[in-house]
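Chains as they are written, first to last, in my numbering: chain A, 558 to 658; chain B, 3 to 877.
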């Protein structure tokens, strides 16, 4: 699947242990209208799987249950790929800046 | 907004968005969003309403991905296939829509980018301008300094109230002396706008006092062009007029107050104004502008009420000058865009008319094409497609047309706006920054949707209704009702086109009348050079000598025939209008309030032959009217009509207060009234004094030339510099240019409306042609039978043409009713034409019917020329 910059951010957030949609938004700084379609796409591609939070947890906090997303093996692979791409980009950028300076 | 309330609102948004989600996924989708929002609501800092809005994107994404929506994609694919099969139809429909949508997008952008654009100042709605209004003169007038000073001293509604005086400095720091367009501003001018300097500072209060006021603020444009944008200039002095002026600061280019009508944004410097000793006494001639900022909590109505009371007191104190004079407080925005609004309304109406005509045409095309698609739709229906499915399919096809047209329209609008920015009337503020922005794109998209419904819904509903019939089956009633519908649409089209053409005709007639206005002078082959010669020619003797030398020098230039000079030059931007009280000494004293107040002007004897002016009575000013000769004047026809009705003007003695002293002059001639400002404003009641008897340093040279006057301007400047190398030129032009400038807005309006009217005419003709072609082809059998039975070629022609003409005539009749209804609105745009002018409206009706006749004739001829045997074989 296409690895856009926001997608890479979402993958990294999931890798870092943010498992709810809004937590991913918090971690990435991306708006809900960006994060959710990415999660849907990752879901459809089998990169994440989702389940519902246990009823007990939600009841204790007196709110409806939340959906829980986690990376699949494929998703973790993709996240790794995103990370190495980002590192390569950063290094290229650094060289560019240094050569200009 | 409270915490729970936010959550409540966020949940409602999600509920609304959930409608977009396919039903089978909806519950789970909603639960997820509700879970997240409820959890997030525990942190009051999170903008959960904004987060909730994102659910629309999510929902939409799910929907477009969902299988159910393959239908739409399928419909789109089908639409493209349809295009390929009927390329002519698609190109026509897209072309029609693109043109009319481009007009709409452009008009919309003018409104959104000019009329609704926020002014770039702090709390712009509190910035006001104050003008004078006189009970006997229409419109807003510039302010006399004496009145401004009284207003400022007495009014309490304003935080700042500043006077602005147009002025010019001679700048001698460059290669050649140069005129700097300047405004002198009193204390608080920049504060009234609430802006900050780009460099340095603005004026200090003490700099608005005599002796301390040699301080200027440069405009960014001038600073960049003359000092390369060097911040080091701040704090240094530059040579202006008779001495050094301190540069206090630089004001950014985006500060374009545009409050002076004829100098939009072309100023070079702002200078600190110190009120002169004589200025409080000037009350009759207004030439200042006033800008202010309302105090917090003061409404504009309160300020107006206060100014009304102050004006009344000032009028009591100065009955001679201030009777019927009041102060008019309006917001800066209203001042800047108020005059444009009616024109935008007119263009808006024209744009909507063209758009509606285009929609009607596309509806017609869709209906016509529908006849040939019945079979396909019937098959689809028989295979189980529901009616709503068919309507959806047909609408998606129209949407495809409209969206493509929308994209094209944006490209066309881009071109149109570039054109407007370059060639549109300069007086319209911000016109040079028009462009296709995000709002324009959004508007184009919304327009595509609206057009889809307007043009596509009716055909979709009608065509989808045929599904119940057996494939191939045709009913005459269906055809007939469809024909009626299409005829009704053509009637609407013709009516709207007629209204547009009539309106354009009226504007055209106005324009012709306006261009034909007798200006009192010949405008061809005259060179105009405005200059101020006060500085180095002090006193009447020096001024007379200077003009004599300059005139002789300019007259010696090959191509120059004769040179004259005048103080108040008609049609020049910085037109001088000095008014004063006058008295006819041989007539009984007028009643108080009926005293003569007229403009006085100064001219050299050769001014009249250069301008092509001949005396109506008596004689012109002549060389014999020298400094020591008896004092004489000539008066304008308007003066004679206003103040000397039933009195022989020649020989009357006139007392004029000139340069502070009363002096007696004898009227020796009457000349045609010269128009000064615009062709559509009344001529001035004017008295012209001989230059030799009233020398002035405000000189506009006029030269009649045997060659194109524009080619002589540079030579003339050089020749004058040979006499005085420090002479600057305030404005150089040809007389033709000066007059033309005042026609620009009207000419522009005319060109645009003619374009719209032409488009409307074309579209209406195309609509008519389309309908008649279909009727003619549906009647082929009948025509065949008639011809077989011996009907002549002409009979058949008549039959079809008559049908078309009846439809057009009904359209014209409906249109005429509309024209008469709109007469009141049109009146303000017209000049010497009534809004019910029979020539313009009758002409429009004849034009429309002629075009209609041609549009009918072509299909009729085709039908009549057909071989009856072929015609009978149809079906």
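Backbone N, C-alpha and C fix where the C-beta goes; we use that ideal spot for every residue, glycine too.
- [ ] With DSSP collapsed to three states, give me the class of residue 619(B).
- [x] strand
- [ ] Kindly say whether residue 616(A), judged by its beta-carbon, lies nearer than 8 Å to any beta-carbon of chain B.
- [x] no
- [ ] Would you mind sorting residue 319(B) into buried or exposed? The rule is 16 or more other CB atoms within 10 Å of its CB.
- [x] exposed
Task: Every unbroken alpha helix (DSSP H) inside the segment 589-619 of chain A [4 residues or more] - done: 589-601, 612-617
Open item on the list: Taking 8 Å as the threshold (beta carbon to beta carbon), is residue 588(A) in contact with chain B?
Closed with: yes
Task: Cβ distance (whole Å) where residue 129(B) is taken to contact residue 295(B) below 8 Å - done: 6 Å
Task: Partners in chain A for residue 53(B), counting only beta-carbon separations shorter than 8 Å - done: 579, 582, 588, 589
- [ ] Would you mind telling me which residues of chain B sit closer than 8 Å to residue 593(A), beta carbon to beta carbon, in chain order?
- [x] 56, 57, 59, 60, 63
TODO: Could you please tell me which residues of the segment 117-130 of chain B, in chain order, have their CB closer than 7 Å to any CB of chain A?
DONE: none
TODO: Report the residue from 580(B), 8(B), 415(B) whose alpha carbon sits nearest the alpha carbon of residue 50(B).
DONE: 8(B)
TODO: Since I believe residue 427(B) is in contact with residue 891(B) (beta carbons under 8 Å), could you give me their beta-carbon distance rounded to a whole number of angstroms?
DONE: Coverage of chain B is limited to positions 3 through 877, which leaves residue 891(B) absent and any answer about it impossible.
- [ ] Please name the residue or residues paired with residue 346(B) in a DSSP beta bridge.
- [x] Residue 346(B) is not bridged to any residue.
Task: Inter-residue spacing [alpha-carbon to alpha-carbon] between residue 21(B) and residue 31(B) - done: 11 Å
Task: Burial state of residue 484(B) (16 or more Cβ within 10 Å) - done: buried
- [ ] Kindly indicate which three-state DSSP category residue 233(B) falls into: helix, strand or coil?
- [x] helix
Task: Pick from 718(B), 865(B), 854(B), 110(B) that is closest to residue 440(B), judged by C-alpha positions - done: 110(B)
Open item on the list: Counting C-beta neighbours from all protein chains within 10 Å, is the total for residue 139(B) 16 or more, i.e. buried, or is it exposed?
Closed with: exposed
- [ ] Within its chain, find whatever has a CB closer than 8 Å to the CB of residue 469(B); leave out the 5 residues flanking it on each side and keep chain order.
- [x] Bear in mind that a pLDDT of 44 at residue 469(B), under 50, signals an unreliable position, so the number given afterwards is only what the model happens to contain. Contacts found: 379, 380, 382, 383, 384, 387, 389, 392.
Open item on the list: Please classify residue 305(B) as buried or exposed, where buried requires at least 16 neighbouring CB atoms within 10 angstroms.
Closed with: buried
- [ ] Can you give me the start and stop residues for the beta strand (DSSP E) that residue 152(B) sits inside?
- [x] Unbroken run through residue 152(B) is the alpha helix (DSSP H), 147-156; no beta strand (DSSP E).
Open item on the list: On the DSSP bridge list, what partners appear for residue 394(B)?
Closed with: Residue 394(B) pairs with nothing; no bridge assigned.
Task: Coarse secondary structure for residue 639(B), derived from DSSP in three states - done: helix
Open item on the list: Would you say residue 264(B) lies against chain A (beta-carbon separation less than 8 Å)?
Closed with: In this prediction, residue 264(B) scores a pLDDT of 45, lower than 50, which makes its location untrustworthy; no coordinate-derived value is stated.
Open item on the list: Just checking: is the beta-carbon of residue 658(A) within a distance shorter than 8 Å of some beta-carbon in chain B?
Closed with: Annotation note: pLDDT 49 at residue 658(A) (below 50); position unreliable, coordinate value reported separately. No, residue 658(A) lies away from the interface with chain B (no Cβ there is under 8 Å from its Cβ).
- [ ] Kindly indicate the opening and closing residues of the beta strand (DSSP E) around residue 136(B).
- [x] 129-136
Task: Cβ-based neighbour list, residue 332(B), same chain, cut-off 7 Å, excluding 5 preceding and 5 following - done: 130, 131
- [ ] Please list the partners that residue 42(B) has in chain A, where partner means a Cβ-to-Cβ separation under 7 Å.
- [x] 579
Task: Under 7 Å (Cβ pairs) to chain B, residues found in the segment 612-639 of chain A - done: 620, 621, 622, 623, 624
Task: chain A residues whose Cβ lies nearer than 9 Å to that of residue 28(B) - done: Those do not exist, as residue 28(B) stays about 14 Å from chain A at its closest Cβ, beyond 9 Å.
Task: Contacts of residue 597(A) in chain B (Cβ-Cβ under 9 Å) - done: 60, 63, 64, 67
Open item on the list: What would DSSP say about residue 749(B), mapped onto helix, strand or coil?
Closed with: helix
Task: the segment 3-19 of chain B: positions lying closer than 8 Å to chain A by Cβ - done: none
TODO: Identify, in the order they occur along the chain, each residue of the same chain with its Cβ nearer than 7 Å to the Cβ of residue 816(B), setting aside the five sequence neighbours on each side.
DONE: 493, 497
Task: Short-range partners of chain A found in the segment 445-467 of chain B, where Cβ spacing is below 7 Å - done: none
Open item on the list: Any beta carbon of chain A sitting closer than 8 Å to that of residue 679(B)?
Closed with: no
TODO: Say whether the segment 706-723 of chain B touches the segment 634-645 of chain B, bearing in mind that this needs 3 or more beta-carbon pairs closer than 8 Å, one atom from each stretch.
DONE: no
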